[in-house]
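In what follows, a single structure is set out as structure tokens and then discussed.
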Amino acid sequence: MDRIPILRMGEFLLVTIQVDMHDQLAMTLQDDLAERISATSAKAVLIDISALDMVDSFIGRMIGTISGLSRIMDAETVVVGMQPAVAITLVELGLELPGVSTALNVERGMQLLRARVAAQ
Amino acid sequence: MAALLQRTTDTITRNQAELLSSWKSDLQNLGGYHNVKPEELAQQTVDFIRQLISGTADGSADINGPAWDGMRLYLEKLSRSRALLGMDSQQTAGFIFAIKRPLMALLQSEYANEPAVFAEQLWAVSELIDSLGLYTVRTFQKSREEVIKRQQEELLELSTPVVKLWDGVLALPMIGTLDSQRTQVVMESLLQRIVDTGSEIAIIDITGVPTVDTLVAQHLLKTVTAIRLMGADCIISGVRPQIAQTIVHLGLDLQGIVTKASLADALALALRRSGLTVTKAV
Amino acid sequence: MIVRSSGSQPVRLEQDVVLARQTVRKLTQECAMRLIDQTKLVTAVSELARNTVVYGGGGDMDWQLIEDGTRVGVRLTFRDEGPGIADIKLAMTDGWTSGSGLGLGLTGAKRLVDEFELDSTVGAGTRITITRWT
Numbered sequence: 001m002d003r004i005p006i007l008r009m010g011e012f013l014l015v016t017i018q019v020d021m022h023d024q025l026a027m028t029l030q031d032d033l034a035e036r037i038s039a040t041s042a043k044a045v046l047i048d049i050s051a052l053d054m055v056d057s058f059i060g061r062m063i064g065t066i067s068g069l070s071r072i073m074d075a076e077t078v079v080v081g082m083q084p085a086v087a088i089t090l091v092e093l094g095l096e097l098p099g100v101s102t103a104l105n106v107e108r109g110m111q112l113l114r115a116r117v118a119a120q
Numbered sequence: 001m002a003a004l005l006q007r008t009t010d011t012i013t014r015n016q017a018e019l020l021s022s023w024k025s026d027l028q029n030l031g032g033y034h035n036v037k038p039e040e041l042a043q044q045t046v047d048f049i050r051q052l053i054s055g056t057a058d059g060s061a062d063i064n065g066p067a068w069d070g071m072r073l074y075l076e077k078l079s080r081s082r083a084l085l086g087m088d089s090q091q092t093a094g095f096i097f098a099i100k101r102p103l104m105a106l107l108q109s110e111y112a113n114e115p116a117v118f119a120e121q122l123w124a125v126s127e128l129i130d131s132l133g134l135y136t137v138r139t140f141q142k143s144r145e146e147v148i149k150r151q152q153e154e155l156l157e158l159s160t161p162v163v164k165l166w167d168g169v170l171a172l173p174m175i176g177t178l179d180s181q182r183t184q185v186v187m188e189s190l191l192q193r194i195v196d197t198g199s200e201i202a203i204i205d206i207t208g209v210p211t212v213d214t215l216v217a218q219h220l221l222k223t224v225t226a227i228r229l230m231g232a233d234c235i236i237s238g239v240r241p242q243i244a245q246t247i248v249h250l251g252l253d254l255q256g257i258v259t260k261a262s263l264a265d266a267l268a269l270a271l272r273r274s275g276l277t278v279t280k281a282v
Numbered sequence: 001m002i003v004r005s006s007g008s009q010p011v012r013l014e015q016d017v018v019l020a021r022q023t024v025r026k027l028t029q030e031c032a033m034r035l036i037d038q039t040k041l042v043t044a045v046s047e048l049a050r051n052t053v054v055y056g057g058g059g060d061m062d063w064q065l066i067e068d069g070t071r072v073g074v075r076l077t078f079r080d081e082g083p084g085i086a087d088i089k090l091a092m093t094d095g096w097t098s099g100s101g102l103g104l105g106l107t108g109a110k111r112l113v114d115e116f117e118l119d120s121t122v123g124a125g126t127r128i129t130i131t132r133w134t
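Chains as they are written, first to last, in full-length UniProt numbering: chain A, 1 to 120; chain B, 1 to 282; chain C, 1 to 134.
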């Protein structure tokens, strides 16, 4: 079964979503990430969605869940690179992802995570 | 609809040179085609007659049928070129209608001794030319509407300048009455610029906006949320007292949105957030 | 109104939701829809196709590329022969869900398109038609 790879960089976990996701793939990613956070005691998770041309309520919910999950497991999450059209559509859909941290791109996302981890 | 006789088609085919020349002279008498190049006009008349012959070849007078594919394509091209030259619909359709007189004359001499057949064929040809003329008007109208639509879009984009105030700080000074379509276009271009420039702070200045209605206010709020989802921050500046009243009156929730009285205040905040200070050089 | 082209494809499995999105993305590109409108329509398709699979027990998506004056648009119909929706008013309420979703599928999809038509009979199935113009 196909999976979205999770890369480890020190205390950080990096996920880049580059495929048109079906629901099962999203669920698998959610489970895999929870496993990896626990196994590696990662302090932060960065999810790059700049290649996604669409985020519907299912993927939106997955992003929210990952964010909540990792917070409980003492890791920060940041979602980076959301496209303007995707952001506008999500707002129109009624999904404002409260509690999810965002950044413009991977670089800014890393900065944000480093600052947060250092502050702890 | 009366059917076209093969004989009618043959008559047209046989006499096309004559038809062409009297049509051309009629067009000249009508005038109004001086901004079409003469050789272009000549080519257009030749093409029309060729398409007319090929269209009537199987006796079908239904111009939406496959026999008329070439003719429809030709007419679309013709109307588009007329629309671009700025001609009106009358001149465009008049070009087609002008062929009626020579065509009638041709039929009259062909069916001189058969008044019943003549009447029937006259009717059939007349209906055919009418529907071709109307088709031209319709496509002409469509081309004009496309031109207008494109211009409107261009105008919208022109009226929405997103300016860079500082490294990482964009501003969108909005001026004039906002309708919801304009707001939408403006906001989209702001979001795109945020991505393109990697700016983390966007200031929407509404000093120049006299009033906002519910829809526009909602668009503003949605934009602020979308900007946050993309990972940037938004400040709204220049909220006039009347607009503040409207927003409160409409019961819109401005929580989590940073507002500043003026663009200057907003820029000061943006600089502070970026870790910059402005000092007087002495 | 003129139908430029049309077609149909099954929406039975989870993977079909992805295929439905891809078909519609291609259609929106064919009629030169603005990116933002493309994204809205494709997202609505994702929501409705998922509903067809999850709640309708699978069905089909019919697509049409339509033309009305200077407007060009994409019209899609999702049909299933599932249990149907008992209370349409309730189903069209934000946040209400019969399953485990967020309850944004139907209402969200409606907000993302220009035209939305819902027709459902308990025990016979559901039919939803959406249109988005350029």
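Where is the CB? At the ideal position from N, CA and C, for every residue including glycine.
- Here Glu47(C) is buried: its Cβ has 16 or more other Cβ atoms, across all protein chains shown, within 10 Å.
- Using a CB distance below 7 Å, no part of the stretch 73 to 88 of chain B faces chain C.
- No Cβ of chain A is located within less than 7 Å of the beta carbon of Met174(B).
- Inter-segment contact for the stretch 67 to 82 of chain A and the stretch 61 to 77 of chain C is absent: fewer than three beta-carbon pairs are separated by less than 8 Å.
- Judged by DSSP secondary structure, Trp133(C) falls within the beta strand (DSSP E) whose first and last residues are Gly125 to Trp133.
- One Cα belongs to Ala119(A), the other to Asp179(B), and the distance between them is close to 45 Å.
- Secondary structure note for Leu178(B): it is in no beta strand (DSSP E), with a DSSP letter that is neither H nor E.
- Distance from the CA atom of Glu92(A) to the CA atom of Asn105(A), rounded to whole angstroms, is 23 Å.
- Fewer than three beta-carbon pairs drawn from the stretch 16 to 31 of chain B and the stretch 67 to 81 of chain B are found closer than 8 Å, and the two stretches are therefore not classed as touching.
- Thr107(C) is the residue among Arg79(C), Gly82(C), Gly125(C) and Thr107(C) whose C-alpha sits nearest the C-alpha of Lys89(C).
- Against chain A, the beta carbon of Gly198(B) has neighbours under 8 Å at Leu104, Asn105 and Arg108, listed in chain order.
- Setting aside the 5 residues that flank it on each side, Ala226(B) is surrounded in the same chain by Leu191, each with a C-beta closer than 7 Å to its C-beta; the list follows chain order.
- It is roughly 41 Å from the alpha-carbon of Glu107(A) to the alpha-carbon of Leu65(C).
- Lys164(B) is outside the set of residues whose beta carbon lies under 7 Å from a beta carbon in chain A.
- In this structure, DSSP gives Lys260(B) an extended state, which the three-state scheme calls strand.
- Residue-level contact by beta carbon fails for Ile130(C) and chain A, as no gap is shorter than 7 Å.
- At the C-beta level, Val113(C) and Ala49(C) stay beyond 7 Å of one another.
- With a beta-carbon spacing of about 14 Å, Leu41(C) and Val17(C) fall beyond the 8 Å limit used to define contacts.
- Sequence-distant partners of Ile129(B) (beyond 5 residues in either direction) whose C-beta falls short of 6 Å from its own C-beta, in its chain, are Lys100.
- For Ser120(C), the enclosing beta strand (DSSP E) begins and ends at Glu115 to Thr121.
- In this structure Asn64(B) is exposed. Its beta-carbon is surrounded by fewer than 16 other beta-carbon atoms within 10 angstroms.
- Collapsing the DSSP output to three states places Thr23(C) in a helix.
- Between the stretch 168 to 176 of chain B and the stretch 129 to 148 of chain B, the count of C-beta pairs closer than 8 Å stays below three; the two stretches do not touch.
- Leaving aside the five residues that flank Asn15(B) on each side, the residues in its chain whose CB is nearer than 7 Å to its CB run, in chain order, Leu106.
- Secondary structure remark: continuous beta strand (DSSP E) runs of at least 3 residues inside the stretch 118 to 192 of chain B, in chain order: 163 to 166 and 169 to 175.
- Proximity of Glu47(C) to chain A, defined by a Cβ-Cβ separation below 7 Å, is satisfied.
- With respect to the 7 Å criterion, Leu95(A) and Gly60(A) are classified as neighbours on the basis of their beta carbons.
- Sequence-distant partners of Gly68(A) (beyond 5 residues in either direction) whose C-beta falls short of 8 Å from its own C-beta, in its chain, are Gly99.
- The beta-bridge partner set that DSSP reports for Ala103(A) consists of Val80(A).
- In this model, Gln91(B) and Arg182(B) are separated by some 35 Å (Cα to Cα).
- Taking 7 Å as the upper bound on Cβ-Cβ separation, chain C lies near residues Lys142, Glu145, Glu146 and Lys149 of the stretch 133 to 162 of chain B.
- Counting C-beta pairs with one atom in each stretch, the stretch 258 to 268 of chain B and the stretch 192 to 211 of chain B have three or more that are closer than 8 Å, which means they touch.
- Runs of the beta strand (DSSP E) lying entirely within the UniProt domain "STAS" (2 to 113) of chain A, each at least 3 residues long, are 6 to 9, 12 to 16, 44 to 48, 76 to 80 and 101 to 103 in chain order.
- Between Thr89(A) and the set Leu7(A), Leu52(A), Asp20(A) and Leu113(A), the nearest pair of CA atoms involves Leu52(A).
- Taking a contact as a CB-CB distance under 8 Å, the pair Ala61(B) and Leu4(B) counts as one, their CB atoms being some 6 Å apart.
- Within the stretch 11 to 40 of chain C, Glu14, Gln15, Val17, Val18, Arg21, Gln22, Arg25, Leu35, Ile36, Gln38, Thr39 and Lys40 place their CB atoms closer than 8 Å to a CB of chain A, listed in sequence order.
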